[in-house]
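Single-structure report; data block below.
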Amino acid sequence: MQQILNYVNGRLVAPISSSYLDNINPAEGKVYSLLPDSDLRDVEVAVKAAEAAFPLWAAMPFEKRAAILLKIADLIDRDLEKLAWAESVDQGKPLKLARAVDIPRASANMRFYATASMHVSSESHLMEGEAINYTTRTPVGVVGCISPWNLPLYLFTWKIAPALAAGCTAVAKPSELTPMTAFLFSKLCIEAGLPAGVLNIVYGLGGKVGQAIVEHPKVSTISFTGGTVTGKTIAATAAPMFKKLSLELGGKNPNIIFADCDFEQAVATSISSSFSNQGEICLCGSRILVERSLYDRFKTEFVKRTRELVVGDPLDEKSKLGALVSEGHMKKVLSYIELAKTEGGKIECGGEQLKLSGRCVDGYFVSPTVITGLNQLCRTNQEEIFGPVVTIMPFDTEEEAIGFANATTYGLSATIWTENLKRAHRVSHQLKSGIIWINCWLLRDLRTPFGGMKQSGVGREGGWEAMKFFTEAKNVCVKI
Ligand code: TXE
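Structure, rendered in C-alpha cells:
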C-alpha cells in the first residue's frame, strides 16, 4: 500500500514516530494509502529547515523565485490527469470536477503569485517639505499554512503560492482526510528545483501537527482555512503570541432570488451553487430565499432538477455528485437532515444515504436534499452543514430578504438574482458578506480580496492582500 511521506528540508522522509494513519477512499469506504502520523518532533525539524532556508530564499532575486514557482505550475499542468485522479479518490469529488476546477486552479494559484512580487510598488509620502516617508515590505519569515479537505490542492496552493512568492518559507499541513495531492505536489517541488527547506509539508492530525505549528514560537504568521470551531482554537492559541492570522472559516450563505430574475439562469446556477462538490464548498448557497410570487414556480423547478442530478462513482464521467469526504462527515450531514425534520422541515427530495452498487457499495453517498417549511432562526438555517442540503424559504419584501440573509453569525458570501440593476447594488451594499455575486456564482478575479465577515473569518486573502499578509510593512521617515 502506498505510503505518503513528509517533505522536510527538500527530502521525502518518514515521520519520526514511524506511525501512519489510514487514508480512506470515501467512494469505497476503504483504506487505500497511509499518511504519516507526525507529531511535535516532525514540526520542530520542519521549522528548523524553514528557518535555515529563509535568508537565501528571501534574498533570491524575484525573477529566480518566480521561475521556480512557474516551473511548479507547468508541472501541475503536465500532471493534471494524475493529480485530478488523486484529488477525486482522496476527497470523493467527481473526477470531472477535479480535472476542470481543482487542479487548473492550483496551477493558476502558482502562476498568479509567481510574478506578483515583480509587480508590486512601494509607497512614498512627502510631508510638506519636512520629510519623506517611504514604506518597505519584507517577508515575515517562517509561516504556517493549514488547509482543509474540501478543495485540497486548490486551497493548499492558495496559501503556499503567495507565501513563497513574498519570500517566506513555510511549514504546511494539508487535511489528514485528503493528503495525496499535497504529496504529489511535494514531488513536483523537488523536480522544479525548489531549494531545500523553503516548503515543508508535515502530515497528521490537526490537534497534533496543526496545533504544534500554531504554537511554535518561530512561526510568526498563520494562514488557516477550515471550520469555525477550529478557527476559534487557533485564534485563542495564537493571540497571546501576537501572531499574524488569516482565518478563512465557514459560511451559511444566502442565495436571494427576486421575482424579476432571469429564471432559467437563476435555477441552473442555483443547482450548481447548492450541490457542486457535494455542497462541500464554503461558498455554496445553502439558504435559498425566493420572493413569494416566484416561490412555487422556483421550488417546483428546483426540486425537479435536483432529482435529476446523478449521484455516482466519482470516476464515472456521468456523475454530478460523488461521495462525502468521510463517514463521520456523512453522519454529521445526515444528522442535520434528521434535525431539520424535528424542526418542522419538509423534505422535498433526497434526505437519505444512498447505497450504490459495485465498487462504491460501502461509499459515503448522500442524495441531494431540498428542505422547505423552516424558519430563519432554527439550527438547520443557522449552522453550517457543509453537504448536499439546502433550504428554500419565501420572502415578501426586499427588506425582509436582507434581514433573513444577514440573520446568521456567518458572513462569507451571498448571491442575488435580479434584473433590476439599482436593486442589485442596493441590496449588495446591505449584505454583511465578504463576497457578493450578482446573477452569477463562484466567479472571481484572483486580484480581489477574499474573506468573510463575522464568524466567517478574519483577514483577507487573494491578490495583493495575500502578499501584504505575508510581509511586514516598515515606515522610514527621512528629514529633508
Ligand atoms: O475542519 P477542521 P474539519 C467546516 C465544515 C466542516 C467543519 C469541520 O462545516 O464540517 O468545518 O471540518 C486542521 N490546530 N469546514 O473537521 O477541523 C485540520 O487537520 C491547527 C469549512 O475537517 O477545521 C485540517 O488540516 N490545525 C471549510 C484543517 O485544520 C487544526 C473547509 C481544517 O480542519 C487543529 C473544511 C488545531 N487545533 C471544513 N484542528 C471551509 N471554510 O472551506 C484541526 N486542524
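Quick note on our numbering: the sequence shown kicks off at 19 and runs consecutively. Here a beta-carbon is modelled for each residue, glycine too, at the ideal position from N, C-alpha and C.
Closest to residue i by C-alpha separation, out of the options, would be which residue?
i    : options                : result
P386 : L352, M19, V49, F260   : L352
G222 : G159, E479, L58        : L58
G303 : F203, W455, E146, F201 : W455
G268 : R96, M471, F488, F130  : M471
E345 : M19, G381, P467        : G381
N271 : N43, I453, D60         : I453
G362 : A85, C396, R315        : C396
G421 : K349, K261, Q448       : Q448
G469 : A484, L115, K373, C458 : A484
I164 : V189, N151, I22        : V189
D314 : Q296, L93, I275, G340  : I275
Q21  : S311, L52, P44, C458   : L52
P412 : E490, G162, E309       : E309
D92  : R123, K486, G28        : R123
F72  : K226, T156, D40, F130  : T156
C279 : G159, Q394, T433       : T433
G475 : I90, L263, R83         : L263
T427 : V328, V227, E402       : E402
F320 : I240, G147, V407       : V407
A179 : L460, P33, F487        : F487
V138 : C495, R465, A104, G477 : R465
L87  : G391, N493, W176       : W176
At a threshold of 7 Å, does residue i count as lining the ligand TXE (C-beta to nearest heavy atom)?
i    : result
H443 : no
L182 : no
N168 : yes
T433 : no
E105 : no
P192 : yes
E282 : no
E479 : no
K177 : no
G244 : yes
E319 : no
G268 : yes
V160 : no
Q229 : yes
F404 : yes
H447 : no
L7   : Residue 7 lies beyond the residue range present for the chain, which begins at 19 and ends at 498; the question has no answer from this structure.
S204 : no
T324 : no
I453 : no
L538 : A query on residue 538 cannot be resolved here, the shown segment of the chain reaching from 19 to 498 and no further.
In terms of residues, what are the limits of the beta strand (DSSP E) holding residue i?
i    : result
Y221 : Element bounds for Y221: n/a, residue is neither H nor E.
V5   : The question about residue 5 has no answer here: the residues shown for the chain are numbered 19 through 498.
S446 : Here S446 belongs to no beta strand (DSSP E); instead the alpha helix (DSSP H) covers 439-448.
I306 : 305-309
I42  : 38-43
V26  : 24-26
V408 : 407-413
I420 : No beta strand (DSSP E) contains I420, which is instead part of the alpha helix (DSSP H) from 416-423.
N273 : 272-275
F242 : 239-243
W459 : From DSSP, W459 is part of no beta strand (DSSP E); its letter is neither H nor E.
Hey, could you find the ends of the alpha helix (DSSP H) residue i is sitting in?
i    : result
K261 : Here K261 belongs to no alpha helix (DSSP H), and DSSP marks it neither H nor E.
T246 : 246-256
T287 : 281-293
A134 : Unbroken run through A134: none, as it is neither H nor E.
Let me know the secondary structure DSSP gives residue i once reduced to three states.
i    : result
D314 : helix
L392 : coil
Y382 : coil
N399 : helix
E266 : strand
I34  : coil
R323 : helix
T434 : Checking the sequence shown, residue 434 turns out to be Ile, not Thr. Here I434 sits in strand by DSSP.
G228 : helix
G481 : helix
S204 : helix
F404 : coil
K486 : helix
S297 : In the sequence under discussion, the amino acid at residue 297 is Gly, which differs from the Ser named in the question. Of the three classes helix, strand and coil, the one that applies to G297 here is helix, per DSSP.
G376 : helix
R29  : strand
Using 7 Å as the cut-off, classify the Cβ of residue i as near or not near the heavy atoms of the ligand PLP, replying yes or no.
i    : result
I252 : Of the ligands one can find in the structure shown, namely the ligand TXE, none is the ligand PLP.
Return no unless some Cβ of chain B is closer than 8 Å to the Cβ of residue i.
i    : result
S142 : No chain B appears in the structure shown, which is made up of a single protein chain.
Quiz item: Which runs of the alpha helix (DSSP H) fall wholly inside the region 48-127 and span at least 4 residues, in chain order?
Solution: Listed in chain order, the complete alpha helix (DSSP H) runs (minimum 4 residues) inside the region 48-127 are 58-77, 80-96, 98-109.
Quiz prompt | Complete runs of the alpha helix (DSSP H) confined to the region 142-198 [at least 4 residues] | solution = Runs of the alpha helix (DSSP H) inside the region 142-198: 170-183.
Self-check item: Length-filtered (4 minimum) alpha helix (DSSP H) runs lying within the region 327-367
Solution: DSSP runs (the alpha helix (DSSP H)) wholly in the region 327-367: 345-360.
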